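Scroll down for the structure; my scribbles are underneath it.
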Amino acid sequence: MKSLEELKAIKEKMQGQVEFRSEDGVWTEDNPYRKHVLVCGGTGCTSSGSKKIIEKLHEEIRKNSLENEIGVVKTGCFGLCALGPIMIVYPEGAFYSMVKEEDIPEIVSEHLLNGRIVTRLLYQETVSEDGILPLQETEFYKKQKRIALRNCGVINPENIEEYIAREGYSALAKCITEMKPEEVINEIKLSGLRGRGGGGFPTGLKWEFASKYQADQKYVVCNADEGDPGAFMDRSIMEGDPHSVIEAMAICGYSIGATKGLVYIRAEYPLAIQRLKTAIHQAEEFGLLGENIFGTDFSFNIELRYGAGAFVCGEETALIHSMEGHRGEPTMKPPFPAESGYLNRPTNVNNVETLANIPAIIMKGANWFNKIGTERSKGTKVFALAGKINNVGLIEVPMGTTLREVIYEIGGGIKNGKKFKAVQTGGPSGGCLTEKHLDVPIDFDNLLASGSMMGSGGMIVMDEDDCMVSVAKFYLEFTVEESCGKCTPCRIGNKRLHETLDKITQGKGTMEDLETLKNLSRVIKDTALCGLGQTSPNPVLSTIDNFYDEYLAHIKDKKCPAGQCKALLMFHIDPELCIGCGLCARNCPVDAIVGERKEPHFINTAKCIKCGACMEKCKFKAVSTR
16 MKSLEELKAI KEKMQGQVEF RSEDGVWTED NPYRKHVLVC GGTGCTSSGS
66 KKIIEKLHEE IRKNSLENEI GVVKTGCFGL CALGPIMIVY PEGAFYSMVK
116 EEDIPEIVSE HLLNGRIVTR LLYQETVSED GILPLQETEF YKKQKRIALR
166 NCGVINPENI EEYIAREGYS ALAKCITEMK PEEVINEIKL SGLRGRGGGG
216 FPTGLKWEFA SKYQADQKYV VCNADEGDPG AFMDRSIMEG DPHSVIEAMA
266 ICGYSIGATK GLVYIRAEYP LAIQRLKTAI HQAEEFGLLG ENIFGTDFSF
316 NIELRYGAGA FVCGEETALI HSMEGHRGEP TMKPPFPAES GYLNRPTNVN
366 NVETLANIPA IIMKGANWFN KIGTERSKGT KVFALAGKIN NVGLIEVPMG
416 TTLREVIYEI GGGIKNGKKF KAVQTGGPSG GCLTEKHLDV PIDFDNLLAS
466 GSMMGSGGMI VMDEDDCMVS VAKFYLEFTV EESCGKCTPC RIGNKRLHET
516 LDKITQGKGT MEDLETLKNL SRVIKDTALC GLGQTSPNPV LSTIDNFYDE
566 YLAHIKDKKC PAGQCKALLM FHIDPELCIG CGLCARNCPV DAIVGERKEP
616 HFINTAKCIK CGACMEKCKF KAVSTR
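Okay, structure coming up:
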């Protein structure tokens, strides 16, 4: 069992090594290596080949007899997923992006052995006339503030001592040896932290409710069932900093009087599961989980429970039923889980990002945290930037940062110089925001007022080539698929919404259909059983509100302005550009193109199946859509 003194000794031993991995890092004698090579080991970079890069690094380091001089560290996500695989070499802070296995020998021989940075592989934003710019000065990073992501990309998530070096488990020690449970709860209440899973309920208040109910057993549940399309925030935290979640669960357990914790995580997240298992095992070995933690009478254990990928199980009552071995269906509240949750015992449910903030709040104080953000939304928010944006990746910004700052500064603007059209926040439960919303400060209340919501933090950016009717249809398709089917508004209502949207994209819509969409959406919002159903019409309502003209074009003009709805496309050959080569006709699967050789060709629209083969094959850009 690790005592407070042992914890302090580990921190002092490892602190210099971990702090070396920064722009201000200074080499100390207790650091066994003169250089640290950090390689992203998150899911994104792993899928791009970072595992092979690490293996090649070790091989080349051995070849050059550098084993005792160079330390290789597999970290969590750095954030700039679009540039993966990523490698950072300290103390220089050299940020190598899109690294390939074949680049490794050059990096090792030139940089690690001879001290000559391989500039062609550097992230270009870090290159200046005066040398290498610190990452924190680049557009992507300079407006970020990392609290939940504070250890991601810095430590090896599979090394508990590196977590301890970053004040890991110090918050737990402080709580159970210096603070009463009610004092911990009051600190969380004072911080203003709200749930990051989408609901935005005050975390301290939720803990207080659970603490007041008496039972022979209470539970702390971590909701790691992140299922929004395009969202990977919680997954990245678990992969890059699993101990922060474990420590926070133990703090919550102490506060509410629970001795057991459960992590409900998707089975589709093998890397996150493996790192959580490793972290739990290490914490048990170090006496930071288990019986009589830090020699006190407080005991706490954590187990994993696996979800099968049902989106509805992100709702806390459905999640609890799933953990109990029942069908993952939501139930009416009250009773709330704080009163009767897992196995009918008082249960506190928080999502991963919410928990990741807890140790930092305890160590730095509620007043430090509540000075960040806006009046009613304190702290920071992690977002997964995806879609038609240059810097796809994971970011964490203070509440109150505008959409414009996120998209154009941190995100690097729209891909291929296209025009921004919309951004979907909140996933299937959110709405599409437009150019007029770009200067809205991002927080819980402002997004709701704009017709969207925070959700868990997915942010999908769309450009001029995206059809907003099709976007609404896509999200409805997802909701219909993921509905548990328990309540009629969600089971039947959303199916009818999807059918109506499909009718419009087929060019068969009427103005009455538009009214049907609005009315039915409002009924579903008012009558559905759980949050999934209540928020499912949001993409429909927000696209109608913000892109009404686009719906009218589909219904009245039978045209898709973005050219995405296949049924509404009309292929046309420009006689001025067509040279009569016949390539389009030869590739048409239904012989819909006619014309003499060296003469302009024509498309028989009655026979055309709109496959696009003619446009794809034409070398003279003579084929277009109307």
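Every number in the working numbering is 15 more than the matching position in the sequence shown, counting from 1. Just so it is clear, CB atoms sit at the ideal spot from N, CA and C, and this is done for glycine as well. Since we're looking at a predicted model, the values are computed, not measured.
Range of the contiguous beta strand (DSSP E) that encloses F493: F493 -> not in any beta strand (DSSP E); alpha helix (DSSP H) instead, spanning 483–497.
Cα-Cα separation, D478 to K195: Using only the alpha carbons, I get a separation of about 52 Å.
Any chain B beta carbon closer than 8 Å to E527: Of the protein chains in this structure there is only one, and it is not chain B.
Residue span of the alpha helix (DSSP H) that contains H693, given as start and end: The displayed coordinates of the chain run from 16 to 641. Any statement about residue 693 would go beyond what the structure contains.
Rounded separation between Q139 and F315 - CA only: Their backbone Cα atoms lie some 47 Å apart in a straight line.
Uninterrupted beta strand (DSSP E) stretches inside the stretch 382–451 (no shorter than 3 residues): Under the rule that a run must span 3 or more residues, the beta strand (DSSP E) segments found entirely inside the stretch 382–451 read 395–402, 408–413, 435–440, 446–448.
Reference P345; option with closest CA among Y228, E497, G276, P244: Nearest option by C-alpha distance: E497.
Continuous beta strand (DSSP E) stretch holding K89: start and end: Where K89 is concerned, the enclosing beta strand (DSSP E) stretches over 85–90.
Simplified DSSP state of P552, which is helix, strand or coil: P552 falls in the coil class under three-state DSSP.
Exposure of R290, with buried meaning 16 or more beta-carbon neighbours within 10 Å: Classification for R290: buried.
Cβ-based burial, L358 [other Cβ within 10 Å; buried from 16]: It is exposed - the Cβ of L358 has fewer than 16 other Cβ atoms within 10 Å.
Beta strand (DSSP E) segment containing Y111, residue limits: Run containing Y111: 109–111, per the beta strand (DSSP E) assignment.
8 Å contact criterion, which I14 and A163 should meet: CB distance rounded: The shown model of the chain, from 16 to 641, leaves out residue 14, and the question about it has no answer.
Any beta strand (DSSP E) of 3 or more consecutive residues that is wholly inside the stretch 534–606: Correct list: 586–588.
Contact between the stretch 223–243 and the stretch 405–412 (3+ Cβ pairs under 8 Å): Contact between the stretch 223–243 and the stretch 405–412 is absent: fewer than 3 CB-CB pairs across the two stretches fall below 8 Å.
Proximal residues to C328 (C-beta, below 6 Å), its chain only, five neighbours per side dropped: For C328, the CB contacts under 6 Å within the same chain, skipping 5 residues up- and downstream, are D240, G322, L334, S337, G343 in chain order.
Residue environment, H126, which counts as buried when at least 16 other CB atoms sit within 10 Å: That one is buried.
Beta carbon of V638 nearer than 8 Å to that of K622: Between V638 and K622, the CB-CB gap reaches or exceeds 8 Å.
Cα-Cα separation between E198 and V555, rounded to whole angstroms: C-alpha of E198 to C-alpha of V555: approximately 45 Å in a straight line.
Cβ-Cβ distance between I373 and A263 below 8 Å: In this structure, I373 places its C-beta atom within 8 Å of the C-beta atom of A263.
Terminal residues of the beta strand (DSSP E) in which K275 lies: 275–281 is the extent of the beta strand (DSSP E) around K275.
Exposure of K78, with buried meaning 16 or more beta-carbon neighbours within 10 Å: Within a 10 Å sphere around the beta-carbon of K78 sit fewer than 16 other beta-carbons, which makes this residue exposed.
For G441 and M469, believed in contact at Cβ under 8 Å, the rounded distance: 6 Å between Cβ atoms; contact.
Spatial neighbours of K66 in its chain, beta-carbon cut-off 8 Å, leaving aside the 5 residues before and after: Same-chain partners within the cutoff: G56.
Cut-off 6 Å between Cβ atoms - residues of its own chain near K204, not counting five sequence neighbours on either side: Excluding sequence neighbours, K204 sits near G219.
Beta bridge counterpart(s) of A621 as assigned by DSSP: None; A621 has no bridge partner.
Unbroken stretches of the alpha helix (DSSP H), 4 residues or longer, contained in the stretch 145–212: Counting only runs that start and end inside the stretch 145–212, the alpha helix (DSSP H) elements of at least 4 residues fall at 154–157, 175–180, 185–193, 196–206.
V236 vs Y279 beta-carbon contact at 8 Å: Contact flag set, yes.
8 Å Cβ cutoff met for P361 and K233: Yes; because the gap between Cβ atoms is below 8 Å, this pair is in contact.
Rounded C-alpha distance that separates C92 from R250: Each residue's Cα considered, the two are about 10 Å apart.
Alpha carbon of I519 to alpha carbon of C580, nearest angstrom: Distance between the alpha carbons of I519 and C580 is about 10 Å.
Beta-carbon proximity check, V260 vs L370, cutoff 8 Å: Their beta carbons are under 8 Å apart, which means V260 touches L370 by this criterion.
Cβ-Cβ distance between F309 and T192 below 8 Å: A contact, by the Cβ cut-off of 8 Å.
P443, buried or exposed, once every other Cβ within 10 Å from all chains shown has been counted against 16: Classification for P443: buried.
7 Å Cβ shell around H73 - same chain, five flanking residues per side excluded: Contacts found: V87.
DSSP three-state assignment for D478, whether helix, strand or coil: The answer is strand: DSSP assigns D478 an E or B state.
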